[in-house]
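Have a look at the structure below, then the notes.
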Amino acid sequence: MIDSRGNPGRHAAAADSNHLLELAGDVVQRALAAGATGAECTIAEGEEFTANVRMREIENIQEAASRGVGLRILRGRNTGSSYTSDLSPEGIQHLIKSAIELADVTTEDPHAGLPDPEQLGAFPEDLELYSPDLETLETTRKIETARRAEDAALSADPRIVNSAGASFGTHLGRHVFANSLGFAGEYRSSYCGLSTVPVARDGESMERDSWSTIARAFDGLEDAEYVGRKAASRALRRLHPVKVPTQKVPVVFDQRAANSLLDNLFDAVQGMAIYRQESFLAGKLGEQVASEKLTVIDDGTLPRLFGSSPFDDEGVPSRRTVVIDRGVLRSYLLNSYAGRKLGMTTTGSASRGLSGNAGIGHGNFFVEKGVQTPEQLIAGIADGFYVTELLGFGVNIVTGDYSRGATGLWIRNGELAFAVSEVTIAGTLQEMLMGLEAVASDLEFRGSIASPTLKIGEMTVGGK
Amino acid sequence: MMQFTESIFATRFNITQPDLEAYLYEAMSQGGDYADLYFEYLLTSSISIDESMVKSAAQGVSMGVGVRVIAGERTGYAYSNDLAPEKIHKAAGVAAHIAAGPGKTGKLDLNQAVRHNLYPVVTAPTETAFSERVELVKRADRSARAFDSRIFQVQAVYADNLREVMVATTEDLLTLDRQPLARLGVSVLARDNGGQPQRGHAGGGGRVDLDFFLKEKTPEHFAAEAAREALAMLAAVDAPAGETIVVLGPGWPGILLHEAVGHGLEADFNRKGVSAFSGRIGQKVASELCTVIDDGTIGSRRGSLNVDDEGQPTQRNVLIENGVLRGYLQDKLSSTLTGGPSTGSGRREGYAYIPMPRMTNTFMLAGDDEPEDIIRSVPKGLYCKNFGGGQVDITSGNFVFSASESYLIEDGRLTRPVRNATLIGNGPAALQYVSRVGNDLRLDEGIGVCGKNGQSVPVGVGIPTIRIDRMTVGGTA
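Protein chains in written order, with our numbering: chain A, 108 to 571; chain B, 1167 to 1643.
Set out below in structure tokens:
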């Protein structure tokens, strides 16, 4: 490490990536020496590459590496936070000084603190989050993969006339965390992703859709041609959409739409919203909040998956938590602060970037799969709406009010009949959870949130 | 105007003009048509209060440089968050690979360009004492709680940043800008005895000094607005479902323009033919009452910039004039490929991102109608006063925006508040139904963040009261 103008620093060796753990420990010790009574230091380092291809030509290639350090300190029950991308000795010194000074302007908070020492630790088994094959994957191969996916989409049908492109990206990261209770840990992670967005046109109708695949290792990705064809078929089936009349019908959420619904559910069970009473699920622990078809799990310990990690952003081991068991709310997701506020214990769900107090995140947050295939689930519906994409932010976690733009296909006599767009679906999350009539068997982990196809008994579709 | 030699890049990082030229030569070492360097030094601070306790105060510093090389339609991009010369050379070398040909070594002669001076802030909020800024969230908390006994939760977040940027290009352009930005947001929950809570939110700011929050838009102003919204919503009834007449109030409801037409007029989408507005310049895409502007030159506004993130001065761009589509928002790449000038619309989130065409402050010009007359003209419909976010599908043109405070209109009068509902429309069609435009153009208070392809930038919107004869409302009633 050389600082900004080539002066080799005292910490010249400490900033080398093998020594980031040492640097984090050093920052914690220096914060204590400067007057902190507790400290936690996060270091994130990453290398990223992205190639975008459009109409079979390279559109752009982006490549870079970066790193940053974050520090949070306690002085008694006051906290201060700082971060820097300047790892020079001056940069680190400024980082520590800033955090200490900021503790003077915050308020003493009786619940502020680090996790209890006995809560600290890491999941003991290898979670296989890092694949070295991505380090040596050739640039030409990355570009070629994106090109193959887009080409497969463009070649799928004469109505696929245009494309917003295809993208192949890789990310190699290292995450380091140390605190003043003696926790020090690090893990590496990698992922690569491939996506393409074809545009279908037929007469005046123009529609786009996408498909993507993501994996820890290159050989874990779906085949590029499959990705292209799948994206093309999704775009094609959206052509010539109808705006249906306003009515109340059963609504089926495909996997992607159901994931979005599960995102809303996470917001409603994370402990910060619970202690502030800004969730419709606050105070409902032990109650039936959903149909008994619904079981929701958070598990940060599933090998290779995207929500997995050996420990959370406070140094607490990741684990499996049953959030909803056959409709009964069993647990919130908590960091140590929300745990103390609610008189409960952390679930190892602390999440933060480099700066500030920890918030709450999830591991692999998923709906346990049912037995019916999506086709069987749809087969029983005479008139209904199969939703493939949701638009906008019309979800109010405080009240549960749910109103979003939707695109998809109309279900008629048990089959997908025609495309529908420019409509809304509305209800309340409370009614939607209780009205969940079926969970399909098509659970796939394409990110840290995963739901099979879901059927909700009745919602209002707003249209003509 | 700040001189290069006085900038932080020269004084703190000892970067010289010959250094910049050397990096640009390196970027063009494999050929290419154009290269630029974007240097950024960013200071950020944030303070938040919750349960009347200042639970978090944070500050940070980050810096970096992005090197871009354009060769035909191709872009090579690399960045470094280390400003050491060998790291910048390495990034330039990586970006250079996009081109495949002999190096271009034409003589460079960087000249500092003139630019606007839209935010002459002497002391940026980021440079003031934390103790002064902490008072803002404490005042917001006290004031919201004092507003009404039914307010039982208050959170306020104050955040500011100071961004020093420098752009150097192979077209001999050298620009520097110092961009302050500050925002205060207040969020409250209200509840009648044992009833369901309702949320209210308000916030604002801009490229201002701290005096803005002490004299113009105080913490008490935002607290009262947030509390008022939450209390109003306690009596909310179910929103209507289906097509109805919608009246938008002035200010932030201008988010309609941002979603319905703004994104669809960004030149990258149109150059590629993937926007619902592609190839429609000169066509009628709105009622003749609609003139829509994107203006990056309004003083102190959140969406304003002296120069865009490619070093071009921002300008006032007419997007739609009396209902007719006039032009797109252009950046360097799209304008070069389509043979026109840049409109000063090339923006990026930071040094780690490739610039693209983006909006600044997007608004509709005022019309002649009195706002009261517009409401009075509606027998049955919905009046929307405030919104959360919005989103658009560029290709189909479908867009949504979510009303956070709206009221039923019955016989020309506002009657009951309604629960949150999403409004949905289609870009090239929605503005054709605008039948009344008020004389009360208002810009929003300075809270907008626009996301596109994973990049967030601050923006503004504005609109007068307008009546839309047909729009679909996503309620349940």
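No residue lacks a Cβ here, since even glycine has one placed at the ideal position from N, Cα and C.
Query	Result
Environment of K1551(B) [buried if 16+ CB atoms lie within 10 Å]	buried
Alpha-carbon to alpha-carbon, V268(A) and G521(A)	31 Å
Contact set for A545(A): own chain, Cβ-Cβ below 8 Å, skip 5 residues either direction	K400, G477, Q479, L484, L561, K562
Own chain, CB closer than 6 Å to A1290(B), minus 5 neighbours either side, in chain order	L1328, P1346
Segment contact, 8 Å Cβ cut-off, at least three pairs: the region 1467-1478 of chain B with the region 1596-1605 of chain B	no
Nearest candidate by alpha-carbon position, reference P636(A), set V435(A), I488(A), R281(A)	As shown, chain A starts at 108 and ends at 571. That puts residue 636(A) outside it, with no answer to give.
F156(A): contacting residues in chain B (beta-carbon distance under 7 Å)	Here the premise fails: no neighbours, minimum Cβ distance about 10 Å.
Span of the beta strand (DSSP E) around E544(A)	543-546
For R266(A) and L343(A), believed in contact at Cβ under 8 Å, the rounded distance	6 Å
Outcome for K1381(B) when other beta-carbon atoms lying within 10 angstroms are tallied against a minimum of 16	exposed
Chain B contacts made by the region 181-197 of chain A, where a contact means CB separation under 7 Å	T186, G187, S188, S189, Y190, T191, S192, D193
Host alpha helix (DSSP H) of M379(A) (start-end)	378-382
Test: S111(A) CB closer than 7 Å to a CB of chain B	Confidence at S111(A) is low in this model, with a pLDDT of 28, below 50, so the placement of that residue should be treated as unreliable; the coordinate-derived value is given next. Yes - at least one Cβ of chain B is within 7 Å of the one on S111(A).
Sequence-distant residues of the same chain with beta carbon closer than 6 Å to D420(A), five excluded per side	A457, S458, R459, A465
Contact set between L1355(B) and chain A, taken where Cβ atoms lie within less than 9 Å	R383, Q384, E385, V505
Member of R323(A), A171(A), A141(A) whose CA lies at the smallest distance from the CA of E208(A)	A141(A)
Under 7 Å between C-beta atoms of I381(A) and Y294(A)	no
Where A122(A) falls: helix, strand or coil (DSSP)	Since pLDDT at A122(A) reaches only 41, below the 50 mark, its modelled position is unreliable, and the value read off the structure follows with that caveat. Coil.
C-beta neighbour in chain A for Y1245(B), strict 7 Å	yes
Closer than 6 Å: Y298(A) CB and nearest the ligand MG heavy atom	This structure simply doesn't include the ligand MG, nor any ligand for that matter.
Backbone secondary structure at T1504(B) - three-state DSSP	helix
From E147(A), R511(A), V494(A), V435(A), residue whose alpha carbon lies closest to that of G1556(B)	R511(A)
Selected residue, minimal CA-CA separation from L333(A), among L388(A), D258(A), A375(A), R345(A)	In the sequence on display, residue 333(A) carries Tyr and not Leu. Closest option to Y333(A), Cα to Cα, is D258(A).
Test: Q1621(B) CB closer than 7 Å to a CB of chain A	no
Chain A contact residues for M1219(B), given Cβ-Cβ distances below 7 Å	T214, D216
Burial state of E232(A) (16 or more Cβ within 10 Å)	exposed
Sub-7 Å separation of V1354(B) and I1317(B) beta-carbons	yes
Proximity winner among M1332(B), G1351(B), E1330(B), A1312(B), relative to Y1324(B) (alpha-carbon distances)	G1351(B)
Beta carbon of I504(A) nearer than 7 Å to that of N366(A)	no
Beta carbon proximity, M313(A) to chain B, threshold 7 Å	yes
Alpha-carbon spacing of R1240(B) relative to S1453(B), whole angstroms	38 Å
Closer than 7 Å to chain B by CB, Q169(A)	yes
Beta strand (DSSP E) segment containing L1209(B), residue limits	1200-1216
8 Å Cβ shell around V494(A) - same chain, five flanking residues per side excluded	V358, V359, F360, D361, A364, A513, T514, G515, I532
Residues within the region 1375-1408 of chain B neighbouring chain A, beta-carbon criterion of under 8 Å	A1405, A1407, G1408
Contact with chain B by F373(A), beta-carbon distance below 7 Å	no
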